[in-house]
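These notes concern the structure reproduced below.
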Amino acid sequence: METIARHLGVSRSSVSRLLAYARETGLVRISVAAAPGERGTLAGELNRIFNIRSTVVRVRDFDTGVNRLDNVAKVAAERLLDLIEPGTIIGIAWGNTTAEVTRHIPPVGVPDTTVVQLNGAASARGTGVRYIDTTISQAADALGANMVHFPVPAFFDYEETKLALWRERSVRSVLDLISRADIAVFGVGAFDGDLPSHVYSAGFLEPEDIARVRNDGVVGDICTVLIREDGSYEDMAINRRASGPSPELLKKIPRRLCVVAGEAKAIPLIGALRAGVVTDLIIDDRTARRVLERVRTAGMRPRKKLGS
46 METIARHLGV SRSSVSRLLA YARETGLVRI SVAAAPGERG TLAGELNRIF NIRSTVVRVR
106 DFDTGVNRLD NVAKVAAERL LDLIEPGTII GIAWGNTTAE VTRHIPPVGV PDTTVVQLNG
166 AASARGTGVR YIDTTISQAA DALGANMVHF PVPAFFDYEE TKLALWRERS VRSVLDLISR
226 ADIAVFGVGA FDGDLPSHVY SAGFLEPEDI ARVRNDGVVG DICTVLIRED GSYEDMAINR
286 RASGPSPELL KKIPRRLCVV AGEAKAIPLI GALRAGVVTD LIIDDRTARR VLERVRTAGM
346 RPRKKLGS
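Start counting the sequence shown at 46; every next residue gets the next number (our numbering).
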């Protein structure tokens, strides 16, 4: 800033104000490119075992869960921008984590982009519109993108109702858009932690449902689809009532950016990684260490290379 000030013939404080304005308006982006994960590093080991592209964010031991999520979300927003180009369709699953990621996307404006909601949000207690609109609209406003909501329940009461609604043209148009998405952005849900996942803390599932799935080995969810630590999900009746894309459908989206902060999400993340739904991962170092410790204890073979 000192050099710029001399060159322009203005004060250093003027340069500082101009840079702050440029960053706020998206005119200038200042970022540090993540170094490739080398063998022996946390990122390198995650990449080797799960065949993904990961970035591990250093957090301080005394950071709160909120601060840790904020730091990870900033890096995730930068990674997302690196993946987006004109014409991109971005699917976003709502949640505490993705809400923070979209909050950190600067106003850059990318032509012909579309942001689509990946899973429904309505429940017996409300429509979820206000909560979802904040997450989806923040991304759409920053990118200058078209915004498409998915106005269905997070979990249907009856599988038959979901099957019937899935035949409606208005719903099919959203499902078709999701199937053509280029990027998916999502976190993993966990039962416990500093910031309880919205799926379990906001009444989307009844207490008896949560007790039942815990007894069935469920450790969390991806886009409202419940998973076990081994990555299995197919045999659970409750998943046939979930509105989010199954791991099988999610894997058809080319780039799948998973964002995780907090050690309580380590085991659900292992389930997501074993299900093969993650291509890009942003994670804090303490959680990354916890994942690797758990996997090494249990033993696991590396996944096949991306695209093979």
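C-beta: ideal position from N, C-alpha, C; glycine also.
query: Using the beta-carbon count (16 or more within 10 Å), is A252 buried or exposed?
result: Note that residue 252 corresponds to Pro in the displayed sequence, not to Ala. Burial call: exposed.
message: Within the continuous alpha helix (DSSP H) that includes A311, where are the two ends?
response: For A311, the uninterrupted alpha helix (DSSP H) run begins and ends at A311 to A320, by DSSP.
query: Do three or more CB pairs link the region 258-274 to the region 282-292 at distances below 8 Å?
result: They touch, by the three-pair rule.
message: In whole angstroms, give me the CA-to-CA distance for T206 and V216.
response: It is roughly 13 Å from the alpha-carbon of T206 to the alpha-carbon of V216.
message: Taking only three categories from DSSP, how would you classify V101?
response: Note: V101 maps to strand in three-state DSSP.
message: Would you call the region 297-310 in contact with the region 219-232, where contact means no fewer than 3 C-beta pairs closer than 8 Å?
response: They touch, by the three-pair rule.
task: Could you check the C-alpha separation between V155 and L128 for me, to the nearest Å?
output: Rounded to whole angstroms, V155 to L128 spans 11 Å at the Cα level.
field: Supposed close pair W139, N116 - CB separation, criterion 8 Å
entry: Between W139 and N116, the beta carbon gap of about 21 Å keeps them out of contact (Cβ cut-off 8 Å).
field: Sequence-distant residues of its chain with Cβ nearer than 7 Å to S99 (five each side left out)
entry: Scanning its chain for C-beta atoms nearer than 7 Å, with the 5 sequence neighbours on each side dropped, one finds around S99 the residues G82, A88, L91, N92, L326 and I328, in chain order.
- prompt: In chain order, what residues of the same chain lie with their CB nearer than 6 Å to the CB of V146, ignoring the 5 residues before and after it?
  reply: Taken in chain order, the residues that qualify are A118, A121, A122 and V304.
field: Rounded separation between P152 and V104 - CA only
entry: One C-alpha to the other measures close to 26 Å.
- request: Please state whether DSSP places R301 in a helix, a strand or coil.
  value: In the structure shown, R301 sits in a strand (DSSP, three-state: E or B).
message: For M192, which residues in the same chain have their Cβ closer than 7 Å to its Cβ, ignoring the five residues on either side in sequence?
response: Cβ neighbours of M192 beyond the five flanking positions: V160, I181, S182 and A185.
- request: Taking the CB atoms as reference points, tell me whether D221 and T133 lie closer together than 7 Å.
  value: Between D221 and T133, the gap from beta carbon to beta carbon reaches 7 Å or more.
query: Span of the alpha helix (DSSP H) holding I94?
result: For I94, the enclosing alpha helix (DSSP H) starts and ends at L87 to F95.
- request: Give the secondary structure of N164 by DSSP, where H, G and I count as helix, E and B as strand, and everything else as coil.
  value: Assignment of N164 by DSSP, reduced to helix, strand and coil, places it in the coil class.
message: Looking at A306: is its Cβ nearer than 7 Å to the Cβ of L114?
response: Yes, these two residues count as a Cβ contact at 7 Å.
field: Reference R331, options S56, T109, M46 and S59, closest by Cα
entry: The candidate whose alpha carbon is nearest that of R331 is T109.
task: Taking all protein chains shown into account, decide if A235 is buried (16 or more other Cβ within 10 angstroms of its Cβ) or exposed.
output: A235 is classed as buried because its beta carbon has at least 16 other beta carbons within 10 Å across all chains shown.
query: Can you tell me where the beta strand (DSSP E) with R273 in it begins and where it stops?
result: Run containing R273: V270 to R273, per the beta strand (DSSP E) assignment.
- prompt: CB P313 to CB V264, shorter than 7 Å?
  reply: At a Cβ-Cβ threshold of 7 Å, P313 and V264 count as neighbours.
message: Just verifying my parser: in three-state terms, what is the DSSP assignment at L326?
response: Look at L326 here: in three-state DSSP terms it is strand.
- request: Pick helix, strand or coil for D221, following the three-state DSSP scheme.
  value: Here D221 sits in helix by DSSP.
- prompt: In this structure, what does DSSP give as the bridge partners for V340?
  reply: Paired residues: none, contrary to the question.
task: Going by CA-CA distance only, name the one from E47, T48 and I94 that's closest to T324.
output: For T324, the closest of E47, T48 and I94 by C-alpha to C-alpha distance is I94.
query: When the Cα atoms are used, what is the spatial distance from S291 to D106?
result: If I take the Cα positions, the gap works out to 35 Å.
- prompt: CA-CA distance, S61 and H149?
  reply: So the two alpha carbons sit approximately 20 Å from each other.
task: State the CB to CB distance for the pair A309 and D237, rounded to an integer number of angstroms; the pair is presumed to be in contact (CB under 8 Å).
output: Contact flag correct, Cβ pair sits at about 5 Å.
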